[in-house]
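Engineer:
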Amino acid sequence: MKKAIRIFSLLLIATTIMIACKKDKDPASTDLFVGTYKGDVSYSKDGGVITSSDGKITVSKVGETYNFFFGNNIPDITGVKFEKSGDNSYVSVGNGLTGIKIDASTLKMLVSKDGATWTANCTR
């Protein structure tokens, strides 16, 4: 019986993850979202620059808060709020984290905060 419950639980978790990670899912249309955007990514601070033409940003959304997790030793950006701008695209607002635009297929970013600059031009 325990084994059946464990298998059922794993199937339920896997199904939830697959639904949350669906490529054509719009991050704004749900309270739970995880997606990966790929493309040009850069980060600069104190004269040091990290760039990648095949960079990857994993975006997660829980409730109204978005988090951006970068590869390539680029610091993450967390706790970002968005508001709707136009036809199903969203623009970041508040606390020095403006300059991010996201929809179901694209992520564009130009963020400057605390002497650091993140840029991204990515698709999903």
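Under my numbering, think of the first position of the sequence shown as 441, with each following residue one higher. Quick reminder that beta carbons are idealized off the backbone N, C-alpha and C, glycines included. Since the structure is predicted, the reported quantities are computational estimates derived from the model, not experimental observations.
Alpha carbon to alpha carbon, how far is Lys485 from Thr557? Give it in angstroms, no decimals.
Structural biologist: For the purposes of this step, residue 557 is taken as residue 117 along the sequence shown, with counting starting at 1. For the purposes of this step, residue 485 is taken as residue 45 along the sequence shown, with counting starting at 1. About 7 Å.
Engineer: So is Lys442 buried or exposed if we call it buried at 16+ other beta carbons inside 10 Å?
Structural biologist: Residue mapping note: residue 442 aligns to position 2 of the sequence shown, counting from 1. It counts as exposed.
Engineer: Classify Lys524 as buried or exposed, calling it buried when 16 or more other Cβ atoms lie within 10 Å of its own Cβ.
Structural biologist: Along the sequence shown, read from residue 1 onward, the residue named residue 524 stands at position 84. Exposed: under 16 other Cβ atoms inside 10 Å.
Engineer: Who are Gly511's beta bridge partners in DSSP?
Structural biologist: Numbered from its first residue, the sequence shown carries residue 511 at position 71. Bridge partners of Gly511: none, in fact.
Engineer: Any idea if Val502 is buried or exposed, counting beta-carbon neighbours within 10 angstroms, 16 or more meaning buried?
Structural biologist: Reading the sequence shown from its first residue, position 62 is the one you call residue 502. When all chains shown are included, Val502 counts as exposed.
Engineer: What are the boundary residues of the beta strand (DSSP E) that Gly475 is part of?
Structural biologist: For the purposes of this step, residue 475 is identified with residue 35 of the sequence shown, where counting begins at 1. Run containing Gly475: 472 to 485, per the beta strand (DSSP E) assignment.
Engineer: Starting from Ser492, follow the beta strand (DSSP E) in both directions and report where the run begins and ends.
Structural biologist: Numbered from its first residue, the sequence shown carries residue 492 at position 52. Run containing Ser492: 488 to 502, per the beta strand (DSSP E) assignment.
Engineer: In whole angstroms, what is the alpha-carbon distance linking Thr505 and Thr538?
Structural biologist: What you label residue 505 is simply residue 65 of the sequence shown in a count that begins at 1. What you label residue 538 is simply residue 98 of the sequence shown in a count that begins at 1. If I take the Cα positions, the gap works out to 14 Å.
Engineer: Is the Cβ of Gly555 closer than 7 Å to any Cβ of chain C?
Structural biologist: Protein chains in the displayed structure number just one, and chain C is not present.
Engineer: Do Ala560 and Val474 have their CB atoms nearer than 7 Å?
Structural biologist: Counting from 1 along the sequence shown, the entry for residue 560 is found at position 120. Counting from 1 along the sequence shown, the entry for residue 474 is found at position 34. No; because the gap between Cβ atoms is not below 7 Å, this pair is not in contact.
Engineer: Less than 6 Å between C-beta atoms, sequence neighbours within five positions excluded: which residues of the same chain meet that for Thr518?
Structural biologist: Within the sequence shown, the letter at position 78 stands for residue 518. Hits under 6 Å: Asn507.
Engineer: Just the Cα atoms here: how many angstroms apart are Ile490 and Tyr483?
Structural biologist: The sequence position of residue 490 within the sequence shown is 50, counting from 1. The sequence position of residue 483 within the sequence shown is 43, counting from 1. Between Ile490 and Tyr483, the C-alpha separation is close to 5 Å.
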